[in-house]
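S.K.:
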Amino acid sequence: MVFRVLGAWIGAFYYRLSLGSFKSRLFVYLDMLRLALLTLLCLWLTTASALNLDSLWSVWNDKSQPDTSRLRAIHKIAWDGYLFSQPDSAFYFAQKEYKLAKEKNLSKHMANALNIQGVSLEIRGNYYQALEFYKSCLRINQDIGDKDGVARSFGSLAGIYQQQGDFPKAIDYHTRCLRRFEETGDKQTMCIVLNNIGTLYKQQGEVFKALGYYKRCLKIDEELNDQKSMAYTLNNIGVIHLNQGDNQNAMKNFTQALKIYKHFGNKINMASTLNKMGVVYNLEEDFSLAKEHFEKSLTINEELGNKDEMAYALINIGEIYKEEGKTSLAIQYISRALKLAKEIGNVKQIKGASEDLYKIYKLTGQYQKAMEMHELTIEMHEKIINEENTKAIVEQEYKYEYEKKAVADSIRNAEAAKVTKAQLDAQIAENARQQQQAYFLYAGLALTLLFGGIVFNRFTLIRKQKKVIEEQKQKLEEQKQAVTDSIRYAKNIQQALLPTIDDLKEVLPDGFVLFQPKDIVSGDFYWMQHHKDQVYLAVCDCTGHGVPGAFMSMIGSALLDEVVVEKGLTQPNEIFNEVRKSLINALKQTDDTQKDGMDAVLIAWDKQSTLQVAAAYNPMLIIRNGEIIEIKPDKQPVGFQLEEQKDFTHHKLKLEKKDTIYLFSDGYPDQFGGPKGRKFMIKRFKQLLLSIQDKTMNEQKTILETTMAEWKGDTEQVDDILVMGVRF
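Position 253 of the sequence shown, counted from 1, bears residue number 252 in numbering that gives the first Met the number 0, the numbering being contiguous throughout.
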């Protein structure tokens, strides 16, 4: 358990290295590794095969168990079971841990839960939010006097500050950590901090000093015979070889590290190492293998939701396209990387991406955009490397060495003075005893009077505060009721825009609609229109839920009516194209900060049983003769996106008798629940639909409702739920 609450100390760091000719010039991004997060993953993460999640779930769900046992179980489920594979799920379970710990006033478990939430956010690249959770964790550890916990929190904060380019704070917190664990002789944790400090120096270009820290760590690895840590340290040394142009030794180190990461299923470090191997192949001008490794890294990081490393891989792929003369693809990939880097506040990647885009825009004659990127590059460069940061790091090193020497001198001086002190103590003791008796008598009388006055004053103050609080509470309740009443009225308006049951039965005699909003109003909606001998049916999931989602649903419904009835478009994909255009114009969407839109499925059929389909992110399912036919969606919303907007795909097929069609949003498959608190998932949803094909549509609706209620149990509904079924 010593390392379980360490957290992910540091995210990935990158800096750019200019390396001679790549037919014209090759720019390569070298990542500074995911430091403590990856170290923890390498060193102490228990493999999935060693976990017994079922027994842990049994402990957590057994409320007769001691609170501390239940909290340890849910903590292990979150950390070992989900954190490094499904970090969003780990965050959810850590919330449960924090809630129970707070109810039972168990501060240490509260700190553990906050740490997991910080790690989850850091893995997903949300560094600003992670920083707040780590600060909260630090405050609790300080309040309860947990020195080791405080030291680990220092490490977590150091990692975030390093990621954000605040090197003085990063080295300060790392130094505090190292000092603490050197005192206790904790060699494993010392190794982590030594790696982190080495990486800081490497980022400042002081590679020989960095190598010294890495070699200290490698020596500890050898003493402890720790293969996982050794792989991590060798990986760091491999980066230094790469910086120095020794590609052969760099590849040797990376290959050994990748083998270990694969053995232990360490996907995060696999992705990072694949990226670095891609860099080596790029330098050797083997562009095919380079792109292959970058794309493998990108795929893993997309699966993990790791925005930091996703941006790195996107930049590298964009670099290759730039060198191949495919400038439009290069802009597409690097722009996406720049967007991710801005979201997570990674100044290194912002600098790298903006510098690339500046050169491409300049090359293609887009001078205004080139100037914008050039200014951004300069701004980031000044923020990353400046004299103050370099000076602060050096000062911290000298300060640390000086303090170590001062402690040693103090110990020697104390030994020399030990005899003299013993002689003085005997002489002073008698005088002190007599003085203390008098002091205690006077102090006791004074404290009695003072305490009485404080108690009376406190009683009066509390009575006044209680009255003010009651008045404020009453006012808040009145305001809350007024807001709730307004939202309930908005629900009536939203329901009036939805097709009525009679409208649906008129054109869909054999069908059902399962609609369960998360809040009073919903961001999901269903839409129907009968126009020009065709019936149109749509299920849409707007950005957000609650009141914001409801506003979007009203806009979406109105635009669908306008495009079909007034503009006369009949083909679903063309309808989506036009609705997207109208939505962007209506909301004045011009950049990636405005992401309002819809994930939707739209179908249309005529009397000849010809079915036309368009799908945006959400699929459509047809069950025919006991088999599922899935209409795959386009990976784009009906709304604004930074990437190139393509026409939606037109799907056309012939309906057969007894075909059953299902349209749905992601609320049903994404709901958490069941005995293990997991998502329902699309696979289980499909199996459920197949199993109820012998039932009437009304019976199917009842089964879907009952199944979801049992699955959800006491778990909070996470999103709006909408499922529509039609049998032909």
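Cβ atoms here follow ideal geometry from the backbone N, Cα and C, with glycine treated the same way.
Is the beta carbon of Glu301 less than 8 Å from the beta carbon of Met309?
M.R.: Here residue 301 refers to the residue found at position 302 of the sequence shown. Here residue 309 refers to the residue found at position 310 of the sequence shown. For Glu301 and Met309, yes; Cβs fall inside 8 Å.
S.K.: For Glu283 versus Asn246, is the C-beta spacing smaller than 8 Å?
M.R.: Position 284 of the sequence shown, counted from the first residue, corresponds to residue 283. Position 247 of the sequence shown, counted from the first residue, corresponds to residue 246. Contact flag set, yes.
S.K.: Can you list the alpha helix (DSSP H) stretches of 4 or more residues lying completely in the stretch 476-542, in chain order?
M.R.: Taking only runs of at least 4 residues, the alpha helix (DSSP H) segments lying wholly in the stretch 476-542 are 500-506.
S.K.: Identify which residue in Gln570, Gln515, Leu688 and Gly164 has its Cα closest to the Cα of Lys711.
M.R.: For the purposes of this step, residue 711 is taken as residue 712 along the sequence shown, with counting starting at 1. Of Gln570, Gln515, Leu688 and Gly164, the residue nearest in Cα terms is Gln515.
S.K.: In the DSSP assignment, what residue or residues form a beta bridge with Asp633?
M.R.: Taking the first residue of the sequence shown as 1, we reach residue 633 at position 634. Asp633 is bridged to Ala615.
S.K.: For Gln607, count neighbouring C-beta atoms within 10 Å of its own C-beta (all shown protein chains included) and say buried if the count is 16 or more, exposed if not.
M.R.: Your numbering for residue 607 matches position 608 in the sequence shown. Counting Cβ neighbours within 10 Å, Gln607 comes out exposed, since fewer than 16 surround it.
S.K.: Assuming Lys675 and Leu52 are in contact, meaning their beta carbons sit under 8 Å apart, how far apart are those beta carbons, in whole angstroms?
M.R.: To locate residue 675, count along the sequence shown from 1; it is residue 676. To locate residue 52, count along the sequence shown from 1; it is residue 53. With a Cβ gap of about 7 Å, Lys675 and Leu52 count as contacting.
S.K.: Taking DSSP as the reference, what is the three-state secondary structure of Asp679?
M.R.: The residue you call residue 679 lines up with position 680 of the sequence shown. Sequence inspection shows Phe at residue 679; the Asp mentioned does not correspond to that position. Residue state, collapsed to three classes: coil.
S.K.: How big is the Cα-Cα spacing for Asp633 and Gln331?
M.R.: Translated into the one-based positions of the sequence shown, residue 633 becomes position 634. Translated into the one-based positions of the sequence shown, residue 331 becomes position 332. Those two C-alpha atoms are separated by around 18 Å.
S.K.: Just to confirm before moving on: does the CB-CB distance between Cys190 and Ser135 stay below 8 Å?
M.R.: Within the sequence shown, residue 190 is the residue found at index 191, counting from 1. Within the sequence shown, residue 135 is the residue found at index 136, counting from 1. Contact: no.
S.K.: What's the gap between the Cα of Arg335 and the Cα of Met597?
M.R.: Taking the sequence shown and counting its residues from 1, the one referred to as residue 335 is at position 336. Taking the sequence shown and counting its residues from 1, the one referred to as residue 597 is at position 598. Answer to the nearest angstrom: the Cα atoms are 21 Å apart.
S.K.: Where are the alpha helix (DSSP H) runs, 4 residues long or more, that stay fully inside the stretch 262-330, in chain order?
M.R.: Runs found: 266-282, 286-303 and 306-322.
S.K.: Let me check one thing: in DSSP terms, what residues is Phe153 bridge-paired to?
M.R.: Taking the sequence shown and counting its residues from 1, one reaches residue 153 at position 154. None, per the DSSP bridge assignment.
S.K.: Distance check for Asp713 and Val512, CA to CA, integer angstroms please.
M.R.: Within the sequence shown, the letter at position 513 stands for residue 512. Within the sequence shown, the letter at position 714 stands for residue 713. Their Cα atoms are separated by approximately 24 Å.
S.K.: Can you tell me where the alpha helix (DSSP H) with Asp598 in it begins and where it stops?
M.R.: As a working mapping, residue 598 is identified with position 599 in the sequence shown. Counting along the chain, Asp598 falls outside any alpha helix (DSSP H), though it belongs to the beta strand (DSSP E) covering Gly596 to Trp604.
S.K.: Pick helix, strand or coil for Thr648, following the three-state DSSP scheme.
M.R.: Here residue 648 refers to the residue found at position 649 when the sequence shown is read from its first residue. It is coil, neither helix nor strand.
S.K.: Would you mind sorting Thr499 into buried or exposed? The rule is 16 or more other CB atoms within 10 Å of its CB.
M.R.: Within the sequence shown, numbered from 1, the residue matching residue 499 stands at position 500. Exposed: under 16 other Cβ atoms inside 10 Å.
S.K.: With 16 other CB atoms within 10 Å as the buried threshold, where does His240 fall?
M.R.: On the sequence shown, position 241 is the one that residue 240 refers to. His240 is buried by the Cβ-count criterion.
S.K.: In terms of DSSP beta bridges, what is Arg623 paired with?
M.R.: Numbered from 1 along the sequence shown, position 624 holds the residue referred to as residue 623. Partner(s): Glu626.
S.K.: Report buried or exposed for Pro65, applying the criterion of at least 16 other Cβ atoms within 10 angstroms of its Cβ.
M.R.: Residue 65 sits at position 66 when you count from the first residue of the sequence shown. It counts as exposed.
S.K.: Could you spell out where the beta strand (DSSP E) holding Leu662 opens and where it closes?
M.R.: Within the sequence shown, numbered from 1, the residue matching residue 662 stands at position 663. Segment Thr659 to Phe663, the beta strand (DSSP E) holding Leu662.
S.K.: Just checking, does the stretch 492-509 make contact with the stretch 643-655 on the three C-beta pairs under 8 Å criterion?
M.R.: Too few Cβ pairs lie closer than 8 Å, so no.
S.K.: Given a cut-off of 8 Å, decide if Phe153 and Ser119 are closer than it, judged by their beta-carbon atoms.
M.R.: For the purposes of this step, residue 119 is identified with residue 120 of the sequence shown, where counting begins at 1. For the purposes of this step, residue 153 is identified with residue 154 of the sequence shown, where counting begins at 1. Not a contact, by the Cβ cut-off of 8 Å.
S.K.: Note down the Cα distance separating Lys657 from Leu689, rounded to an integer number of angstroms.
M.R.: By 1-based counting over the sequence shown, the position of residue 657 is 658. By 1-based counting over the sequence shown, the position of residue 689 is 690. Looking at the two C-alpha atoms, the distance is approximately 14 Å.
S.K.: In the DSSP assignment, find the unbroken alpha helix (DSSP H) run with Leu721 in it and report its ends.
M.R.: Within the sequence shown, residue 721 is the residue found at index 722, counting from 1. No alpha helix (DSSP H) contains Leu721, which is instead part of the beta strand (DSSP E) from Ile720 to Arg726.
S.K.: Can you check DSSP and say which residues form a bridge with Gly671?
M.R.: Your numbering for residue 671 matches position 672 in the sequence shown. A small correction: the amino acid at residue 671 is Phe; Gly does not occupy that position in the sequence shown. DSSP lists Lys678 as partners of Phe671.
S.K.: In terms of residue numbering, what span does the alpha helix (DSSP H) encompassing Lys361 cover?
M.R.: Here residue 361 refers to the residue found at position 362 of the sequence shown. Run containing Lys361: Val346 to Leu362, per the alpha helix (DSSP H) assignment.
S.K.: Please report the Cβ distance between Asp560 and Gln533, rounded to the nearest whole angstrom; I am assuming they are in contact, meaning their Cβ atoms lie under 8 Å.
M.R.: The count along the sequence shown starts at 1 and reaches residue 560 at position 561. The count along the sequence shown starts at 1 and reaches residue 533 at position 534. At roughly 14 Å, the Cβ-Cβ gap does not stay under 8 Å, so Asp560 and Gln533 are not in contact.
S.K.: Leaving out the 5 sequence neighbours to the left and right, which residues in its chain are closer than 6 Å to Cys176 when beta-carbon positions are compared?
M.R.: For this step, residue 176 is matched to residue 177 along the sequence shown. Closer than 6 Å at Cβ, skipping near neighbours: Ala150, Phe153, Gly154 and Val192.
S.K.: What is the rounded straight-line gap between the Cα of Ile259 and the Cα of Gly124?
M.R.: By 1-based counting over the sequence shown, the position of residue 259 is 260. By 1-based counting over the sequence shown, the position of residue 124 is 125. Straight-line Cα distance between these residues: approximately 25 Å.
S.K.: Helix, strand or coil for Leu687? Go by DSSP, reduced to three states.
M.R.: Walking along the sequence shown from the start, residue 687 turns up at place 688. Helix at Leu687.
S.K.: Near Lys417, which residues of its chain fall below 6 Å by C-beta distance, leaving aside the five closest residues on each side in sequence?
M.R.: Numbered from 1 along the sequence shown, position 418 holds the residue referred to as residue 417. Reliability fails at Lys417, whose pLDDT of 47 lies under 50, so the model's placement of it is uncertain and no value is given.
S.K.: How far does the alpha helix (DSSP H) with Ser206 in it extend, from its first residue to its last?
M.R.: Taking the first residue of the sequence shown as position 1, residue 206 is located at position 207. Contrary to the premise, residue 206 reads as Val rather than Ser in this sequence. Counting along the chain, the alpha helix (DSSP H) containing Val206 begins and ends at Val206 to Leu223.
S.K.: Pick out whichever of Leu586, Leu568, Gln202 and His530 has its Cα sitting closest to the Cα of Ile554.
M.R.: To locate residue 554, count along the sequence shown from 1; it is residue 555. Ranking the options by Cα distance to Ile554, first place goes to Leu586.
S.K.: Apart from the five residues just before and just after Phe293, which ones in its own chain have a Cβ nearer than 8 Å to its Cβ?
M.R.: The count along the sequence shown starts at 1 and reaches residue 293 at position 294. So the list reads Leu273, Asn274, Gly277, Ala312, Asn315, Ile316 and Ile319, once near-sequence residues are dropped.
S.K.: Using 10 angstroms around the beta-carbon of Gln116, count the other beta-carbons present and answer buried if the total reaches 16, otherwise exposed.
M.R.: Position 117 of the sequence shown, counting from 1, holds the residue named residue 116. Buried, by the Cβ-count rule.
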